[in-house]
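Q: Note that our numbering numbers the sequence shown so that position 129 is 129, with each residue one more than the last.
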Amino acid sequence: MALLKEGKFKTAAFSLCLVFMLFGLSGLSAQLKTEVSVGASYTDNLFQFSDNDLSRWKNGNEKLSYAKSTDDLALSAQLDLAYPMQYRWWTFTPSVTAKLSQNVSNTDKHRSDLAARMRVDRYYWSVSAMYGYYPYTYYRHYTDSDGTGELEKYSYERDLYRADLIVRPVKNLTAFGNVRYENMYYNEYFTEADGSRTTTELGLRYSFRPFSVQGSYSFQDFENTGYKKIDREDASYQGNIYRGVLRMKAMPLKGESTKNQSWTPYLELTKEDRYYQGNNAYYGSRVYKIFTTKAGMDFKLTPQLNLSFDYHHINRSADASSASIIRAKEFSENRISTTLKYKF
Numbered sequence: 001m002a003l004l005k006e007g008k009f010k011t012a013a014f015s016l017c018l019v020f021m022l023f024g025l026s027g028l029s030a031q032l033k034t035e036v037s038v039g040a041s042y043t044d045n046l047f048q049f050s051d052n053d054l055s056r057w058k059n060g061n062e063k064l065s066y067a068k069s070t071d072d073l074a075l076s077a078q079l080d081l082a083y084p085m086q087y088r089w090w091t092f093t094p095s096v097t098a099k100l101s102q103n104v105s106n107t108d109k110h111r112s113d114l115a116a117r118m119r120v121d122r123y124y125w126s127v128s129a130m131y132g133y134y135p136y137t138y139y140r141h142y143t144d145s146d147g148t149g150e151l152e153k154y155s156y157e158r159d160l161y162r163a164d165l166i167v168r169p170v171k172n173l174t175a176f177g178n179v180r181y182e183n184m185y186y187n188e189y190f191t192e193a194d195g196s197r198t199t200t201e202l203g204l205r206y207s208f209r210p211f212s213v214q215g216s217y218s219f220q221d222f223e224n225t226g227y228k229k230i231d232r233e234d235a236s237y238q239g240n241i242y243r244g245v246l247r248m249k250a251m252p253l254k255g256e257s258t259k260n261q262s263w264t265p266y267l268e269l270t271k272e273d274r275y276y277q278g279n280n281a282y283y284g285s286r287v288y289k290i291f292t293t294k295a296g297m298d299f300k301l302t303p304q305l306n307l308s309f310d311y312h313h314i315n316r317s318a319d320a321s322s323a324s325i326i327r328a329k330e331f332s333e334n335r336i337s338t339t340l341k342y343k344f
């Protein structure tokens with residue numbers, strides 16, 4: 001595991017070296033662009049507890065004592081560096097993003113993520129490639145799989161590789177697609193959950209005069225590889241994801257011009273159908289229906305300063321052969337977030 005983690009850091013370091021090497025290229029017209037963001041996000045169900053788990057937590061169940069609170073506030077800071085370089089009819093943009101976040105009450109939920117990208121733009125199309133490294137993502141505590149009955153953190157590190165293509169074939173119409181490949185490595189207590197996930201998305205966006213509409217479809221395939229090592233249940237699944245977005249055009253905060261100040265409301269709806277592929281008693285025939293509603297507003301306060309507010313509602317229903325699984329896996333969550341961005 002130590003060698004694996006060392007390899008991840010070497011990969012991340014190589015990505016950063018590549019980006020900064022590109023920053024040093026001469027003979028191209030370029031200017032470093034910097035964006036700093038700070039944010040706060042409140043959730044009323046941090047661990048995505050079911051109604052049954054919420055009742056058990058309120059009654060002081062020891063199995064859920066790791067949760068200091070079921071709601072929480074997370075504070076975050078993000079730095080984006082981009083270096084667009086013009087060469088004739090081409091624009092090359094290497095960039096890096098670093099993000100830190102920390103929950104106020106449940107401090108185990110801290111995150112520190114890193115991503116490196118390269119984007120190429122030319123007239124009516126663009127392509128990009130991205131690598132993201134997420135060394136620690138903690139979900140909640142579960143009883144470990146070694147038979148001791150101890151509660152342990154259910155956490156993982158993740159690699160993300162992503163490629164995007166955007167094409168504007170005619171005026172007002174944009175077609176886009178992307179492929180994402182992720183590797184997930186769980187901690188030593190839950191190695192049976194290791195696996196890889198591939199997601200392919202295709203979509204269209206059309207701009208009308210007062211607003212734009214966007215629709216996309218994604219197919220997701222998670223292959224659970226870790227369960228074979230210790231003879232556990234196969235947790236592989238496949239899913240269909242449908243997403244629609246309605247976004248109003250930028251409107252002036254005052255006067256008639258949106259050049260310096262404007263606001264933009266939007267609404268996003270997502271439906272995910274997840275089908276588990278295992279034929280075992282625990283995962284066999286299990287199905288999740290996940291609905292996500294997101295509504296928000298973006299405010300351009302000055303050409304450099306942006307403020308955004310958004311609201312998420314997530315609801316997951318479950319269908320399974322066991323009533324206890326359904327009772328444990330269904331949940332709903334509300335999130336309210338705000339982000340302030342400044343561009344240098």
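Every residue, glycine too, gets a C-beta built ideally from N, C-alpha and C.
(1) Closest by CA to Arg88, which one among Val287, Arg122, Ala318, Asn187?
(2) Tell me the rounded alpha-carbon separation between Gly203 and Val287.
(3) Along the chain, where does the alpha helix (DSSP H) containing Ala328 start, and where does it finish?
(4) Go through its chain and collect everything with a Cβ distance to Phe299's Cβ below 6 Å, but skip five positions before and after it.
(5) Secondary structure at Thr258, three-state DSSP: helix, strand or coil?
(6) One question on the structure: do Gly39 and Thr338 come within less than 8 Å of each other, judged by their Cβ atoms?
(7) Under the three-state reduction of DSSP, which class applies to Val99: helix, strand or coil?
(8) Relative to the C-alpha of Ser346, which residue among Asn178, Gly244, Tyr283 is closest?
(9) Alpha carbon to alpha carbon, how far is Leu25 from Phe92?
(10) What are the start and end residues of each continuous alpha helix (DSSP H) run of 4 or more residues lying completely inside the segment 203 to 232, in chain order?
(11) Report the CB separation of Ser37 from Gln78 in whole angstroms; it is logged as a contact under 8 Å.
(12) Pair every Cβ in the segment 97 to 105 with every Cβ in the segment 51 to 59, then say whether three or more of these pairs are closer than 8 Å.
(13) Put Thr70 into one of helix, strand or coil per three-state DSSP.
(14) Let me know if Gly27 comes out buried or exposed under the rule of 16 or more other beta-carbons within 10 Å of its beta-carbon.
(15) To the nearest angstrom, how far is it from the Cα of Leu269 to the Cα of Thr198?
(16) What is the residue span of the alpha helix (DSSP H) that Trp57 lies within?
(17) Could you give the uninterrupted runs of the alpha helix (DSSP H) lying entirely in the segment 108 to 155, keeping only those of 4 residues or more?
(18) With DSSP run on the structure shown, which of helix, strand or coil describes Ala193?
(19) Could you give the distance in angstroms between the alpha-carbon of Ser155 and the alpha-carbon of Leu267?
(20) Pick helix, strand or coil for Glu63, following the three-state DSSP scheme.
(21) Please go through the same chain and pick out, in chain order, the residues whose beta-carbon is closer than 7 Å to the beta-carbon of Arg140, but skip the five residues on each side of it.
A: On the basis of the data shown:
(1) Arg122
(2) Rounded to whole angstroms, Gly203 to Val287 spans 25 Å at the Cα level.
(3) Ala328 -> alpha helix (DSSP H) spans 323 to 329.
(4) Trp263, Leu307
(5) coil
(6) yes
(7) Note that residue 99 corresponds to Lys in the displayed sequence, not to Val. Note: Lys99 maps to strand in three-state DSSP.
(8) The chain is shown from 1 up to 344; residue 346 falls before or after that span and cannot be answered.
(9) Confidence in Leu25 is poor, its pLDDT being 46 and thus under 50, which makes the residue's placement too unreliable to answer from.
(10) none
(11) 4 Å
(12) A contact is defined here as three or more CB-CB pairs under 8 Å, and the segment 97 to 105 fails this definition with respect to the segment 51 to 59.
(13) coil
(14) Residue placement at Gly27 cannot be trusted, given a pLDDT of 45 that sits under 50; the coordinates are not used to answer.
(15) 22 Å
(16) Trp57 -> alpha helix (DSSP H) spans 51 to 58.
(17) none
(18) helix
(19) 32 Å
(20) In the sequence as presented, Glu is not what sits at residue 63; that position holds Lys. Per DSSP, reduced to three states, the secondary structure at Lys63 is helical.
(21) Phe47, Tyr154
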